[in-house]
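K.L.:
Here you go, one structure.
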Amino acid sequence: MIQTYCSACVQLLRQLQAVPSPELALRLYLQCAEAANGCDIEHVAYEFFTQAFVLYEEEIADSKAQVTAIHLIIGTLQRMNVFGVENRDTLTHKATGYSARLLKKADQCRAVYACSHLFWVDDQDGIKDGERVLLCLKRALRIANAAQQMANVARGSGGPVSLFVEILNKYIYFFEKGNKQITSSAIQGLIEFINTEMQSDSTNPDSVADAFLASTLRYIQFQKQKGGVVGEKFESIKL
Numbered sequence: 001m002i003q004t005y006c007s008a009c010v011q012l013l014r015q016l017q018a019v020p021s022p023e024l025a026l027r028l029y030l031q032c033a034e035a036a037n038g039c040d041i042e043h044v045a046y047e048f049f050t051q052a053f054v055l056y057e058e059e060i061a062d063s064k065a066q067v068t069a070i071h072l073i074i075g076t077l078q079r080m081n082v083f084g085v086e087n088r089d090t091l092t093h094k095a096t097g098y099s100a101r102l103l104k105k106a107d108q109c110r111a112v113y114a115c116s117h118l119f120w121v122d123d124q125d126g127i128k129d130g131e132r133v134l135l136c137l138k139r140a141l142r143i144a145n146a147a148q149q150m151a152n153v154a155r156g157s158g159g160p161v162s163l164f165v166e167i168l169n170k171y172i173y174f175f176e177k178g179n180k181q182i183t184s185s186a187i188q189g190l191i192e193f194i195n196t197e198m199q200s201d202s203t204n205p206d207s208v209a210d211a212f213l214a215s216t217l218r219y220i221q222f223q224k225q226k227g228g229v230v231g232e233k234f235e236s237i238k239l
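According to full-length UniProt numbering, the residues represented by the sequence shown are 1 to 239, in order.
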């Protein structure tokens, strides 16, 4: 049965290589990888992912298409549970690497922090690598800071802080999930940094970022007021 399935997969790979639209072919590769995941056939799933990465690198040149493709890859990889440590590490390394090489800094930032979910998957035992989650978030912060500096040079004022608020929400997410590498002091520091950035760029207010931050802070306040374990967890964060 498995031999027949693998033979069919080889034929399917050849057919996919002839698909004229690389974006469509990539989606099909990823769907096939998920099908192999469901059948618990690791080497077939890995081959489909390998071909998806080759296609991404060699055929998808449009910057917007690259953004869509890398998020599809990240999302699919997050749902995979068939891979052993070595194969998963190889694929996650490729995903984070391509994320950091997207054309626009904002796209880089969002793809890199999306990669943090590859290292902390709730429904899979053993995939809770808090340190690598933190590394992704710190890398996203560095990219957001670079984007801010580029905007400062171009406009003579600070760039939008919405990226930092997005990253703050990721910090809060993993903090709630119990990632011990994400501390309340780190969240506190990020909140203070965002407030400082907003105050220093008061001549160019960003209403979207303001509303997003206000909503995030209300959520933290709500968690603080819950009491019990949850309230205690958020208690040290000063708003």
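For each residue, glycine too, the CB sits at the ideal point set by N, CA and C. All of these numbers come straight from a predicted model, not from anything done at the bench.
(1) Quick one: give me the first and last residue of the alpha helix (DSSP H) that Pro20 is part of.
(2) Count the other CB atoms, across all protein chains shown, that sit within 10 Å of the CB of Glu197; report buried if there are 16 or more and exposed otherwise.
(3) Taking 8 Å as the cut-off, decide whether the C-beta atoms of Glu34 and Thr92 are in contact.
(4) Could you name each continuous alpha helix (DSSP H) segment of 4 residues or more that falls completely within the stretch 33-75, going from the start of the chain to the end?
(5) With a threshold of 16 other CB atoms inside 10 Å of the CB of Met150, please say whether the residue is buried or exposed.
(6) Determine the contact status of Val85 and Ala45, defining contact as a CB-CB distance below 8 Å.
(7) Is Lys180 helix, strand or coil when you go by DSSP?
(8) At which residue ranges does the stretch 193-236 contain complete alpha helix (DSSP H) runs of 4 or more residues, listed in the order of the chain?
(9) How is the alpha helix (DSSP H) around Asn81 delimited, first residue to last?
(10) Under 8 Å between the Cβ atoms of Ile70 and Leu102?
(11) Taking only three categories from DSSP, how would you classify residue 240?
(12) Between which two residues does the alpha helix (DSSP H) carrying Lys105 extend?
(13) If Ala52 and Leu26 are in contact, beta carbons under 8 Å, what's the gap, nearest whole angstrom?
(14) Looking at the strands, I want to know which residues DSSP matches up with Lys128.
(15) What three-state label does DSSP hand Lys138 in the structure shown?
(16) Assuming the contact rule is C-beta atoms closer than 8 Å, Thr96 and Cys115 should be a hit. Round their C-beta distance to whole Å, please.
(17) Can you say whether Tyr113 is buried or exposed, counting buried as having 16 or more other CB atoms within 10 angstroms of its CB?
(18) Give a yes or no on whether the C-beta atoms belonging to Gln223 and Phe234 are separated by under 8 Å.
(19) Between the C-alpha atoms of Glu47 and Lys180, what's the straight-line distance to the nearest angstrom?
(20) CA-CA distance, Phe119 and Gln148?
(21) Less than 8 Å between the CB atoms is what I'm expecting for Leu168 and Leu190, so what's the real figure, rounded?
(22) With a CB to CB cut of under 8 Å and the five nearest residues on each side skipped, what residues in its chain are close to Asp40?
P.N.:
Reading from the atomic positions:
(1) Premise fails: Pro20 is in no alpha helix (DSSP H) and is neither H nor E.
(2) buried
(3) no
(4) 42-59
(5) exposed
(6) no
(7) coil
(8) 207-225 and 228-234
(9) Taken as a continuous stretch (DSSP letters only), Asn81 belongs to no alpha helix (DSSP H), as it is neither H nor E.
(10) yes
(11) As shown, the chain starts at 1 and ends at 239. That puts residue 240 outside it, with no answer to give.
(12) Lys105 to Cys115
(13) 5 Å
(14) Trp120
(15) helix
(16) 5 Å
(17) buried
(18) yes
(19) 34 Å
(20) 27 Å
(21) 5 Å
(22) Val82
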